[in-house]
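Here the structure comes first, spelled out in structure tokens, and everything after it is commentary.
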């Protein structure tokens with residue numbers, strides 16, 4: 335294909351004006367309009383940058399803009415899909431019903447419901463610190479949180495805690511090591527609200543309140559798997575949608591295979607598709623057991639292609655109903671406890687989905703999706719598809735952190751060569 | 335270490351006298367006694383060889399011995415842990431409560447309860463056909479069965495069926511292709527019992543009764559992952575134990591990572607450990623969705639080492655309570671719905687375990703095991719272990735075919751370098 339035409343290259347800087355925090359919506363005004371074929375570099379920020387403001391926010395105009403929060407001014411006020419007046423829990427505007435800082439949306443010209451948006455992930459780079467004290471170094475955070483799988487199952491039930499660990503990327507660029515950790519202690523945010531747990535995103539952590547453990551994970555190097563946890567088109571439903579549960583619109587897939595060189599296909603539900611991205615992860619294991627990954631501000635470069643309804647130029651997109659990831663060697667399909675939860679769980683879907691998650695349901699979903707893919711996209715009959723699934727397709731636990739638990743199916747391309 | 339001493343090499347041929355079919359038991363007489371350090375080549379047969387007797391049994395003295403079944407003589411009468419008089423369902427001796435042809439047991443001298451048996455998998459080779467018409471070629475079977483995950487979920491609920499597909503290994507040796515398939519039709523076994531479904535192992539399939547589909551999986555090559563589905567020490571419980579549900583004694587793990595170059599560690603429960611092996615798989619996907627893998631008679635070469643209780647020479651064996659697989663790059667821990675199901679599910683455990691399986695439970699088990707491994711074997715504290723699990727450990731669906739459903743955790747060794 336050669337290099338893209340210069341006029342088709344775009345750049346979206348991250349800032350208070352180019353992000354939406356904690357929710358998706360078809361009503362959001364686009365930050366950019368592009369034609370199919372365009373290459374777009376998009377900066378993103380991790381919502382966990384405030385775990386160590388010194389290293390991950392200070393001196394960075396984009397991050398300082400998004401995280402700006404003083405008693406007088408909170409630049410990005412709404413964080414989450416909840417009520418703006420925080421009338422449910424009083425946590426803050428949006429109530430933290432959704433946590434991810436998402437850059438976008440990008441409007442893709444000509445995209446209509448029924449089309450498929452192809453998102454090629456051309457590059458992913460961690461965002462270096464702009465603080466002169468740490469200049470050029472890259473940092474990340476893992477938070478072992480109350481919504482993690484471990485939280486109900488501590489060895490000592492009486493000692494429930496949330497733990498944040500700050501990591502730095504090794505000079506080699508292919509691993510990270512822990513710098514220090516701390517237990518969460520209650521924080522008073524700049525608006526005066528006290529947070530006994532990590533119940534609202536972007537709370538600036540007062541490091542003078544912490545006891546830091548500097549002897550953490552000695553000798554351990556975490557291999558990197560840079561990817562974006564959240565890549566989404568706008569859901570078809572009106573209103574604001576919590577950014578946490580993934581679904582057929584994509585969203586918070588939290589699949590580490592969505593790295594450089596991979597391509598994500600998403601069924602379009604609204605005019606212009608409205609693509610948003612965020613939740614950068616330096617690494618994650620299948621399962622995302624403690625509630626978060628190795629969270630890191632990152633910049634992605636993407637190329638968008640459009641497959642019009644009824645005439646996909648790639649046969650394997652026939653019948654696509656949810657997110658399909660393609661890597662150089664694999665197709666990866668995403669099953670969920672409730673693939674279309676916004677429709678299927680009724681009026682209270684966004685609350686219900688957290689109560690009803692089940693790996694058993696997610697596997698059933700992944701099984702059916704995979705059977706359908708092998709039949710529609712590869713022309714197998716049902717018996718062939720079932721047999722092939724048993725002897726060559728791997729089912730894994732994507733995440734049990736995001737309300738709508740996921741099981742993915744990995745189909746090797748080698749089958750079809 | 336250099337090559338093993340010649341006197342420490344042994345060979346167990348497969349035949350009616352060296353197998354037990356469908357069950358494990360601490361009461362079985364060993365077919366071989368060896369000292370720790372011994373290298374043993376063990377032949378095994380797939381219980382699915384009778385799906386195509388021409389290709390997988392005929393002309394092979396070992397297979398003909400094990401599968402010999404005429405109205406006058408059934409050389410291996412008991413198949414399964416059920417009643418010998420088949421008084422429950424009338425399927426046949428042992429009732430098919432357990433299906434695997436297991437070669438062994440091998441008694442390891444000096445092994446005692448509380449020790450850990452190390453099983454190094456030095457080599458795995460498929461067993462070539464001995465029939466002159468197919469001489470030297472290797473065949474395998476997948477059966478999409480009534481106990482598979484798909485059986486309750488066909489696209490047309492009214493068209494329930496079992497489907498057998500016969501495969502051949504490609505000349506390259508690294509892939510297999512389908513030769514033909516057939517729907518199961520009722521078979522009358524040599525004792526005169528009719529089998530409407532695949533409800534008893536080793537039923538010789540009368541190919542004149544079949545409609546064969548020769549146009550199956552056109553263009554598809556299945557990459558090989560040769561491994562043994564079943565590697566076990568004897569459970570501590572008395573009596574016969576169904577070979578299907580895996581547990582802390584190992585058994586029917588059905589993890590394809592147990593291939594050449596891998597090592598399996600099993601906690602010893604009975605004197606001599608009593609190791610048995612079978613259920614050869616040319617390939618399997620995580621999940622084993624249709625009830626079986628790519629089933630193939632295979633010969634394995636193993637080296638046994640013993641780690642005495644309280645003084646394991648490998649630190650990562652501290653606190654081992656169930657099967658641990660080590661590959662060149664990974665440690666793999668096995669969670670189950672009920673890790674110690676024979677004890678935990680009471681008198682009817684062997685029936686109950688099929689009714690109660692749950693991926694949610696299996697993940698909980700895998701989570702706890704992994705936390706324990708990272709703490710005991712790697713010296714991490716609980717918080718470090720939890721964090722590491724979230725950012726670097728992959729949880730996958732081992733199988734939903736074996737009653738006691740499994741979720742495994744894959745821990746990269748690169749973490750500790």
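Protein chains in written order, with my numbering: chain Y, 335 to 751; chain P, 335 to 751. All residues carry an ideal CB built from backbone N, CA and C; glycine is no exception.
Opposing strand residues paired with residue i [DSSP bridges]
i, result
"residue 333(Y)", "What is shown of chain Y runs 335 to 751, which leaves residue 333(Y) out entirely."
"residue 477(P)", "498(P)"
"residue 670(Y)", "740(Y)"
"residue 522(Y)", "528(Y)"
"residue 728(P)", "744(P)"
"residue 721(Y)", "Paired residues: none, contrary to the question."
"residue 715(P)", "Answer is none; residue 715(P) lacks a bridge partner."
"residue 458(P)", "634(P)"
"residue 576(Y)", "357(Y)"
"residue 442(Y)", "368(Y)"
"residue 503(P)", "510(P)"
Min CB distance residue i to chain Y below 7 Å
i, result
"residue 507(P)", "no"
"residue 710(P)", "no"
"residue 484(P)", "yes"
"residue 592(P)", "no"
"residue 476(P)", "yes"
"residue 697(P)", "yes"
Minimum Cβ-Cβ distance from residue i to chain P less than 7 Å
i, result
"residue 385(Y)", "no"
"residue 718(Y)", "yes"
"residue 479(Y)", "no"
"residue 587(Y)", "no"
"residue 489(Y)", "yes"
"residue 748(Y)", "yes"
Sequence-distant residues of its chain with Cβ nearer than 8 Å to residue i (five each side left out)
i, result
"residue 501(Y)", "473, 474, 475, 476, 510, 511, 512, 513, 556, 616, 628"
"residue 360(P)", "568, 569, 570, 571, 572, 603, 604, 608"
"residue 666(P)", "589, 591, 658, 659, 660, 742, 743, 744, 745"
"residue 736(Y)", "578, 579, 580, 586, 588, 622"
Beta-carbon proximity list for residue i, same chain, < 6 Å, skipping 5 on both sides
i, result
"residue 678(P)", "672"
"residue 402(Y)", "409"
"residue 730(P)", "620, 742"
"residue 600(Y)", "451, 567, 584, 657"
"residue 624(Y)", "478, 482, 484"
Residues of its chain near residue i, where Cβ-Cβ distance is below 7 Å and the 5 sequence neighbours each way are ignored
i, result
"residue 427(P)", "411, 412, 413, 418, 420"
"residue 727(P)", "704, 743, 744, 745"
"residue 383(Y)", "390, 391, 397, 401, 631"
"residue 399(Y)", "349, 350, 409"
"residue 675(P)", "579, 581, 683, 687, 738"
"residue 347(P)", "377, 396"
message: Any C-beta of chain B within less than 8 Å: which residues of the stretch 536-565 of chain Y qualify?
response: Of the protein chains in the structure, Y and P, none is chain B.
Item to complete: May I ask you to list, following chain order, the residues of the stretch 720-738 of chain P that have a beta carbon less than 9 Å from some beta carbon of chain Y?
Response: Interface annotation for the stretch 720-738 of chain P against chain Y: 720, 721, 722, 723, 724, 725, 726, 727, 728, 729, 730, 731, 734, 735, criterion Cβ-Cβ distance under 9 Å.
- Any residues in the stretch 626-654 of chain P with a beta carbon nearer than 7 Å to a beta carbon of chain Y? Which ones, in chain order? 626, 627, 628
Flag this pair as touching only if the stretch 381-394 of chain Y and the stretch 542-561 of chain Y have three or more C-beta atom pairs under 8 Å; answer yes or no. no
Is it true that the stretch 574-583 of chain Y meets the stretch 427-437 of chain Y, where meeting means three or more beta-carbon pairs spaced less than 8 Å apart? yes
**Item:** Chain-ordered residues of the stretch 612-623 of chain Y with a beta carbon less than 9 Å from chain P
**Value:** Taking a C-beta cut-off of 9 Å against chain P, the contacting residues of the stretch 612-623 of chain Y are 615, 616, 617, 618, 619, 620, 621, 622, 623, listed in chain order.
_chain P contacts made by the stretch 505-530 of chain Y, where a contact means CB separation under 9 Å_ = 509, 510, 512, 515, 517
Contact residues within the stretch 394-418 of chain Y, judged by C-beta distance below 7 Å to chain P = none
Worksheet item: When you check each C-beta in the stretch 678-693 of chain P against every C-beta of chain Y, which residues fall closer than 7 Å?
Response: 692, 693
Handout entry: Against chain Y: residues of the stretch 491-505 of chain P by CB proximity under 7 Å
Key = 497, 499
Within the chosen definition, does the stretch 521-531 of chain P reach the stretch 366-376 of chain P through at least 3 CB pairs nearer than 8 Å?
no
Exercise. Quick one: which residues of the stretch 443-465 of chain Y get their C-beta closer than 9 Å to a C-beta of chain P? List them in chain order.
Key: Listed by position, the residues of the stretch 443-465 of chain Y near chain P (Cβ gap below 9 Å) amount to none.
>> Would you call the stretch 391-400 of chain Y in contact with the stretch 459-469 of chain Y, where contact means no fewer than 3 C-beta pairs closer than 8 Å?
In response: yes
Taking a Cβ distance cut-off of 8 Å, strictly less, list which residues of the stretch 652-674 of chain Y are near chain P, in chain order. none
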